[in-house]
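Residue numbers (this note's numbering), protein chains in the order written: chain Y, 1 to 744; chain E, 745 to 826; chain A, 827 to 908; chain G, 909 to 1140.
Step one of this worksheet: look at the structure below.
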Amino acid sequence: MTTPIPITPEIVAEHGLSLDEYARIQELLDRDPNLVELGIFSAMWSEHCSYKSSRPHLKTLPTEGPRVIQGPGENAGVMDIGDGLAAVFKIESHNHPSFIEPYQGAATGVGGIMRDIFTMGARPIASLNSLRFGDPEHEKTRYLLNGVVRGIADYGNCMGVPMVGGDIYFDACYNGNILVNAFCLGLAKADRIFLGSASGVGNALLYVGSKTGRDGIHGASMSSAEFDDSTEEKRPTVQVGDPFTEKLLLEACLEIMKEDWVVGVQDMGAAGLSSSSFEMAERAGLGMELDIDAVPRREEGMNAYEIMLSESQERMLFVVEKGKEEDALAIFRKWDLDVAVIGRVTDDGIFRAKENGVEVVSLPIETVVTGALKCDRPTQKPAYLAEMGTLDLSSHEVPADCGDALKQLLASPTIASKQFVYEQYDHMVRLNTLVVPGSDAAVLRVPETNKALALSVDCNPRYGYLDPYLGAQIAVAEACRNVVCSGAEPIGVTNCLNFGNPENPEIMWQFQEAVRGLGDLCRFLDIPVVSGNVSLYNETKGEAIYPTPTIAVVGLMEDLSLHCTQGFKQEGHVIALLGSNLEELGGSEYQKLFWNECRGKSPQLDPQTEFDVQKLCLDLIRKQWVQSAHDCSEGGLAVALAESCITGPKPVGATIELSGDLRTDALLFGESQSRIVISFPEDRLHEIEALAKTAGVPFSVLGWVGGQDFQIKINQKEFINQNILTLEDIWKNSLSHYGNRVTR
Amino acid sequence: MLAKIHVTLKNGVLDSQGKAVHHALNDLGYSEVQDVHLGKYMEIALKGVSEREAQSRVTEMCEKLLANTVIESYRFTLEPAE
Amino acid sequence: MLAKIHVTLKNGVLDSQGKAVHHALNDLGYSEVQDVHLGKYMEIALKGVSEREAQSRVTEMCEKLLANTVIESYRFTLEPAE
Amino acid sequence: MKCGIVVFPGSNCDHDCYHILKHILQLDTHWIWHKDEALNSFDFIVLPGGFSYGDYLRPGAIARFSPIMKSVIDYANQGGRVLGICNGFQILVESGLLPGVLMDNAGQRFICKNMTLRVENNDTPFTSQCKVGDVLQIPINHGQGRYFADNDTLKQMAKNDQVLFRYCDAEGNASDAANPNGSLDNIAGIANESKNVMGMMPHPERCADPLWQNIDGQLIFKSLIESSLAHT
Ligand SMILES: Nc1ncnc2c1ncn2[C@@H]1O[C@H](COP(=O)(O)OP(=O)(O)O)[C@@H](O)[C@H]1O
Ligand SMILES: [Mg+2]
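Now the structure itself:
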């Protein structure tokens, strides 16, 4: 053994710990930690692992409900969907690694979230990805887009888990901090859920998966730090994924989980072996002893520090009953995985690790897991809001050619079809995808039942910038609306809260408001939040991203045959709108594209109206009275109508006649909430109208499906008249033209 | 001018392909195989540039496009074209 | 013993990856690039074999696994391990 | 009727093939583990899609040496029917049971989407339920599906009518525009000389469950069943 390195203030700082935090460590231990121990504290007390800034706020979220089997706190949330089955899901960020190395960062993000799902005993059946990139014209954007998409594709495709949806926004606020949020959904037997708990003194600790290498050491503290110019130097900490090994790990885990001697399991994510072992022991209220020398390793000369903190991918920690070690080893070896017994559960609440027979770690587990200084971070309403809150429409003219404006909106990469992206993802494997990407929500059959699940992920960051409370509410509302438009009832929410530096009171205010908005609307709609993830410090040189509370919603459909899609199905069908059009252009894509600004008020949201619109839409779909349903989002009514024309079985035109005294651009392109475009055979009109009246939902007929032209008249005057195939070509191909271009 | 470029993974970066090929070779009976690393090899023909220019241009190409310098390193030689 | 193996596409087989890289380089402003070919480079460490044995064993590995001889050719050198 | 599906490490369309053969077509369907060496008496076997061995080195290159492949090759050489789908096709060309190779898609990107295919030869156990010129809609899902063979091989294949499917447009024209990956002559699926081994990049198992409207993929499995019945 070399002589222990004394812990200097520099070393403490390098570990991202404040002097206060270090003093607390000394106090809790009643001695100085050694370097390995300091490394463990550093990782476990990082924002990423400890949620020290966010936890007090997250506690306010509604997390309970009759379907909830497991709420936040485990690897993923679990909900009862009947028939003895449970839906297991979560969303997680991999933002910082993806900015540094888009391909590997995004790939390992997908790998990580899938492990979260299958550690619970669930087979992953679908994924979503929510991506935010900088200005399309920014020099790195195209490279990052292509790298991220390729990384997601290569990993997810190899795993054989269909990537069935997602969303993509481009905005300059992400120039220095892209967001890669990955969602995964799995199915398990409701009574066979596995938790990350290391109970049973004497039980064996099993390491399984890939060997440990030097990758990602300090990953957890890196993803909790802002970027600056020295970020480049942090590069060797990037982890590299191996989807092939993960596929074997998935199959092996699901096989071993059929045994009743598997006690607990957790994947080694951020802070690797440290977080998985400490957290498992803490949940059981027990201790653990670990033999560092038994850990399979990829390189020679690795020390305890590196092994405890490595973030090598595709690794899991299992606790199995004493005496079953050989059976466990046999199953993992059948799948050609590296596996070893590396320790035991003990009874004293202490984590001990030995290297070459010498004890190198001896830490009280509860102290490490729950002892991080609680941060009650100050909040302050941001100054920019006073300035941004006003929008003077009179200084802006309505475009002379609204048809041309529509074309420009359809070409905007945020609105244009994402086919270029989802065509690179296997979205069909496992034969459950009833509605493939390209409609409001993806619909998956639940194998061996007559049910289906619908999935959608959403968040418009511009609304969040103008009003974080509303922004979060609208994200929930829109994700639910998407799910409803597919014919499913929203049952659960998972969220990924992406924000800037929480040490800035204005950012912390945004965070607090967003969580409040999320909680309030979920309570109102009675949908529990069962899992989630927080990503802070998304900020480069003081430039923070817009608040981005990404929301994924899971919906349930009792009869899968009653699913619905967004495209118009047949000429002659009537087109109608549920909801009302308001003069709301603040934060819209139209405002950004034509006036290059994001200001004014975010669209408003009335929870009761939202609820009524969704309920009516669901009723109409279940009665099979409507043949399509599509929510209005970015680009407003005109874009929603055009999309419904383009995405049916065959592109078809429409004749739309609007009236009223709203500003033309607000009527066509404003992004008012709680609106759904539906279509149906004419003979249903009266029934539908009557039902809407009873439900108290504003209802208006907009026009008819048919012909080759997309025509919109307002008060009898024609504003848009475009060939639908022209619009289709623009909308379908803009993103692939962008992605495939090499030079700018 | 012909640039012959080798791009390989940096030390310590997981070489999952190499690992798979290593196993496969052992399984095929090549028990003498101790280690396998996979990389890329590229040949780029250049025209109308001096060796000096080529040196700096190819370095740039490697940095920008040909190698992912976060996890890969590269080296190259220059030869007169045949 | 260290085998350094180059696997490249045979003449006449369309190298679409090379073509894509070629385009990309031209688009990035490297107009001096006339031609690009992509191949694989492998390093295999061998233990306990003589150079002569290594020669025939590595040839075998290439024929069997490392190259697809329908479209690829290979060449290698052997060096004493460091 | 008894059929088997080979499971390689990294196969991921194995369950889908199983679902179609067992639950939709009601066949006696068995898993075959790649570490097994013996092959029982099957009417036909399927090498499914996926990423065997992570597609490392070249798709199919490592799987081709799995212990079970020796038996698969013997089985095929004795006239047994082998259907390789996507990665299965890649394994078949790597093992030499089918001519040619499958290279990176010309566009250098993975593609998952519905495609239309023209049936070129229906005088095989895999296509007997189709008519020549039929246009089938079957999805593709691959990054490396660009078929290539040298001229002599192509001539030989033409002489023996070994090309079974070509990518085409909705009207059945095998045009460049309808070629998703740059395959030579739009080739999407081929058979060996004696027509007992077939490989195709598109996934018939993805359009064979009547829960979806399109069940064109059933034609291929039904052809196999039909010809196996005739055979026994
Ligand atoms: N990154 C992505 N991966 C897969 N599918 C995507 C992605 N981004 C968008 N999509 C799909 O494209 C369609 C339209 O997405 P979006 O415009 O975000 O819809 P909405 O406005 O209704 O939320 C959806 O089906 C969505 O799942
Ligand atoms: Mg929508």
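For every residue, glycine included, the Cβ atom is placed at its ideal position computed from N, Cα and C.
In this text, all values refer to a predicted model and were calculated from it rather than measured experimentally.
C-beta contact flag for residue i and residue j at 8 Å
| i | j | result |
| --- | --- | --- |
| Met786(E) | Leu864(A) | yes |
| Cys994(G) | Met1065(G) | no |
| His563(Y) | Val443(Y) | yes |
| Met114(Y) | Cys184(Y) | yes |
| Leu578(Y) | Ala692(Y) | yes |
| Ile125(Y) | Lys451(Y) | no |
| Asp426(Y) | Cys1038(G) | no |
| Asn533(Y) | Phe499(Y) | no |
| Ala969(G) | Asn894(A) | yes |
| Phe1034(G) | Ala1099(G) | yes |
| Thr245(Y) | Arg297(Y) | no |
| Val780(E) | Val765(E) | yes |
| Gly147(Y) | Pro102(Y) | yes |
| Ile575(Y) | Leu658(Y) | no |
Per-residue contacts from residue i into chain E (C-beta, under 7 Å)
| i | result |
| --- | --- |
| Val361(Y) | Correct list: empty, because the minimum Cβ distance to chain E is about 23 Å. |
Reference residue i; option with closest CA among the options
| i | options | result |
| --- | --- | --- |
| Pro97(Y) | Val793(E), Gln761(E), Ile815(E) and His750(E) | Ile815(E) |
| Leu685(Y) | Ser46(Y), Ile25(Y) and Leu702(Y) | Leu702(Y) |
| Glu92(Y) | Ala182(Y), Leu35(Y) and Pro243(Y) | Ala182(Y) |
| Ser274(Y) | Ile365(Y), Val339(Y), Leu254(Y) and Gly357(Y) | Ile365(Y) |
| Ile331(Y) | Asp392(Y), Glu251(Y) and Pro382(Y) | Glu251(Y) |
| Phe118(Y) | Glu21(Y), Gly166(Y), Ser588(Y) and Phe318(Y) | Phe318(Y) |
| Val201(Y) | Gly84(Y), Lys322(Y) and Gln104(Y) | Lys322(Y) |
| His1050(G) | Glu423(Y), His138(Y) and Val368(Y) | Glu423(Y) |
| Pro607(Y) | Gly209(Y), Leu393(Y), Gly156(Y) and Asp520(Y) | Asp520(Y) |
| Pro1007(G) | Gly958(G), Cys1115(G) and Val1071(G) | Val1071(G) |
| Ser674(Y) | Ala411(Y), Lys615(Y), Ile100(Y) and Leu560(Y) | Lys615(Y) |
| Asn1087(G) | Arg1026(G), Ile928(G) and Ser1131(G) | Arg1026(G) |
| Ala386(Y) | Val421(Y), Arg599(Y), Cys402(Y) and Tyr469(Y) | Arg599(Y) |
Where residue i meets chain G, residues with beta-carbon distance less than 8 Å
| i | result |
| --- | --- |
| Asp771(E) | Phe973 |
| Phe524(Y) | The contacting residues do not exist; Phe524(Y) stays about 36 Å from chain G at best. |
| Ala764(E) | Tyr961, Gly962, Tyr964, Leu965 and Ile970 |
| Ile831(A) | By Cβ distance, chain G contributes nothing, its closest Cβ being about 12 Å from Ile831(A), past 8 Å. |
Neighbour list for residue i in chain A, Cβ cutoff strictly below 8 Å
| i | result |
| --- | --- |
| Glu1101(G) | Chain A residues near Glu1101(G): none, gap ~17 Å exceeds 8 Å. |
Residue i Cβ short of 7 Å to ligand 3 heavy atom set
| i | result |
| --- | --- |
| Ser412(Y) | Ligand 3 is absent from the structure shown, which contains only ligand 1 and ligand 2. |
Listed by chain order, chain G residues near residue i by CB distance under 9 Å
| i | result |
| --- | --- |
| Cys158(Y) | Gly918, Asn920, Gly958, Phe959, Gly962 and Asp963 |
| Val839(A) | Val1009, Met1011, Phe1056 and Asp1058 |
Neighbouring residues, chain E, relative to residue i (Cβ below 8 Å)
| i | result |
| --- | --- |
| Lys890(A) | Leu772 |
| Arg883(A) | Tyr774 and Glu776 |
Proximal residues of chain A, C-beta to C-beta of residue i below 9 Å
| i | result |
| --- | --- |
| His767(E) | Residues of chain A passing the Cβ test: none, with the nearest at roughly 11 Å. |
Neighbouring residues, chain E, relative to residue i (Cβ below 9 Å)
| i | result |
| --- | --- |
| Gly213(Y) | Gly756, Val757 and Leu758 |
Chain Y contact residues for residue i, given Cβ-Cβ distances below 7 Å
| i | result |
| --- | --- |
| Val814(E) | Ile100, Glu101, Arg235 and Val238 |
| Pro1047(G) | Met428 |
Handout entry: Residues of the stretch 400-426 of chain Y with Cβ closer than 7 Å to any Cβ of chain G, in chain order
Key = Glu423, Gln424, Tyr425 and Asp426
Handout entry: Members of the stretch 865-876 of chain A that neighbour chain E once the beta carbon cut-off is set at 9 Å
Key = Gly865, Lys866, Tyr867, Met868, Glu869, Ile870, Ala871, Leu872, Lys873, Gly874 and Val875
Handout entry: Continuous alpha helix (DSSP H) assignments of at least 4 residues falling wholly in the stretch 437-479 of chain Y
Key = 461-466
Practice task
Quick one: which residues of the stretch 1005-1028 of chain G get their C-beta closer than 7 Å to a C-beta of chain Y? List them in chain order.
Solution key: Arg1017, Phe1018, Ile1019, Cys1020 and Lys1021
Problem - Residues of the stretch 1084-1095 of chain G whose Cβ lies closer than 7 Å to any Cβ of chain A, in chain order - result: Gly1090
Exercise for the section: Could I get the ranges of all uninterrupted alpha helix (DSSP H) runs contained in the stretch 393-425 of chain Y, with 4 residues as the minimum, in chain order? Expected result: 402-411 and 419-422
Handout entry: Minimum length 4: unbroken alpha helix (DSSP H) runs contained in the stretch 869-893 of chain A
Key = 877-887
Exercise for the section: List in chain order: all unbroken alpha helix (DSSP H) runs of 4+ residues lying wholly within the stretch 127-195 of chain Y. Expected result: 141-159
Exercise for the section: Output, in sequence order along the chain, the residues in the stretch 926-955 of chain G whose CB is closer than 7 Å to any CB in chain Y. Expected result: His927
Exercise for the section: Pull out every residue of the stretch 237-270 of chain Y whose Cβ sits closer than 9 Å to any Cβ of chain E, in chain order. Expected result: Val238, Gln239, Val240, Gly241, Asp242, Pro243, Phe244 and Thr245
Exercise for the section: Name, going along the chain, the residues of the stretch 102-119 of chain Y whose beta-carbon falls closer than 9 Å to a beta-carbon of chain G. Expected result: none
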